[in-house]
Structure formats: structure tokens, C-alpha cells
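Residue numbers (the numbering used here): 470 to 596.
Reading through the C-alpha cells given below for one structure.
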Ligand SMILES: [Zn+2]
């Protein structure tokens with residue numbers, strides 16, 4: 470990850486924190502336990518696979534309703550980071566709807582999702 474991307478991630482997390490809707494999301498205790506048990510590398514892989522499969526196509530299936538509210542830390546993180554559907558991705562991240570996401574875009578959005586998950590885990594240490 471280069472400096473540009475790190476700056477983009479911290480700026481975007483800051484922007485999202487000013488949205489009452491986005492800022493209210495937190496992981497459940499179950500999600501945190503799952504993320505810690507699986508480890509960062511595995512959750513990172515899940516994030517990339519899930520984003521590619523669910524929002525990566527030009528016209529994703531059930532777009533706007535394809536991301537459950539809970540059930541996997543990546544789902545919750547997607548709502549928190551506005552990577553849940555192509556409408557939110559267009560509005561917040563300025564990637565137009567109607568075309569497939571590039572690998573670079575999928576990876577950037579997955580890095581954002583992972584940064585959000587890492588921050589939640591840091592803010593809620595395991596006891
Ligand atoms: Zn959305």
C-alpha cells in the first residue's frame with residue numbers, strides 16, 4: 470500500500486465518520502471473535518472475494534440489496550464504508566455504476582474495508 474492509498478483510506482474513514490448513518494456501525498462481539506479466530510490474512514481474502522462477487526460486476530445481482538446487515542464482519546464493514554452496493558460506491562467513492570470494477574478498485578475498496586475492521590478491533594480489545 471503506498472502513501473497515496475494510506476492518505477485516501479484515512480481521509481475516507483474521516484469522511485465516513487461524519488455521516489450519522491455510516492458512523493453508527495460497529496462489529497458484533499461474534500464478528501470480532503470470528504475475525505480474531507480467522508486472522509487478518511483470511512478476512513482480507515474474504516473481503517476481496519466478497520467485494521468482487523457482490524459489487525464487482527457492471528450490474529451486480531440485486532444491486533442495492535445484496536449486502537446483508539450482519540453475519541460476517543465484511544458485510545457490516547461494507548455498510549460502514551459505503552462499499553455495500555454500486556449506488557453507495559458511486560456516491561461515496563466516485564466510481565460510476567454500469568461498468569465492472571477493475572482489480573485496482575476492488576483491492577482499494579477491500580483495503581478500506583480491512584482498515585475499518587482493524588480499527589473496530591483496535592477500539593474493542595479482546596479481554
Ligand atoms: Zn449501498
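Where a beta carbon is used, it is the ideal one built from N, C-alpha and C, also for glycine.
Note that the coordinates shown come from a computational prediction; the quantities given were computed from them, not determined experimentally.
Give the DSSP-derived three-state secondary structure of residue i in the structure shown.
i           : result
residue 529 : coil
residue 538 : coil
residue 583 : helix
residue 570 : coil
residue 590 : helix
residue 499 : helix
residue 564 : coil
residue 554 : coil
residue 480 : helix
residue 595 : coil
I need the straight-line Cα distance from residue i to residue j, nearest angstrom please.
i           : j           : result
residue 540 : residue 587 : 17 Å
residue 482 : residue 492 : 9 Å
residue 475 : residue 584 : 10 Å
residue 582 : residue 544 : 9 Å
residue 505 : residue 480 : 26 Å
residue 558 : residue 565 : 8 Å
residue 503 : residue 496 : 10 Å
residue 485 : residue 546 : 12 Å
residue 518 : residue 560 : 22 Å
residue 567 : residue 531 : 14 Å
residue 498 : residue 473 : 33 Å
residue 507 : residue 592 : 19 Å
residue 471 : residue 509 : 19 Å
residue 489 : residue 538 : 16 Å
Cβ of residue i within 8 Å of Cβ of residue j?
i           : j           : result
residue 551 : residue 562 : yes
residue 533 : residue 575 : no
residue 511 : residue 523 : no
residue 555 : residue 594 : no
residue 501 : residue 570 : no
residue 579 : residue 527 : no
Can you pull every residue whose C-beta falls closer than 5 Å to some heavy atom of ligand 1, listed in chain order? 553, 554 and 557
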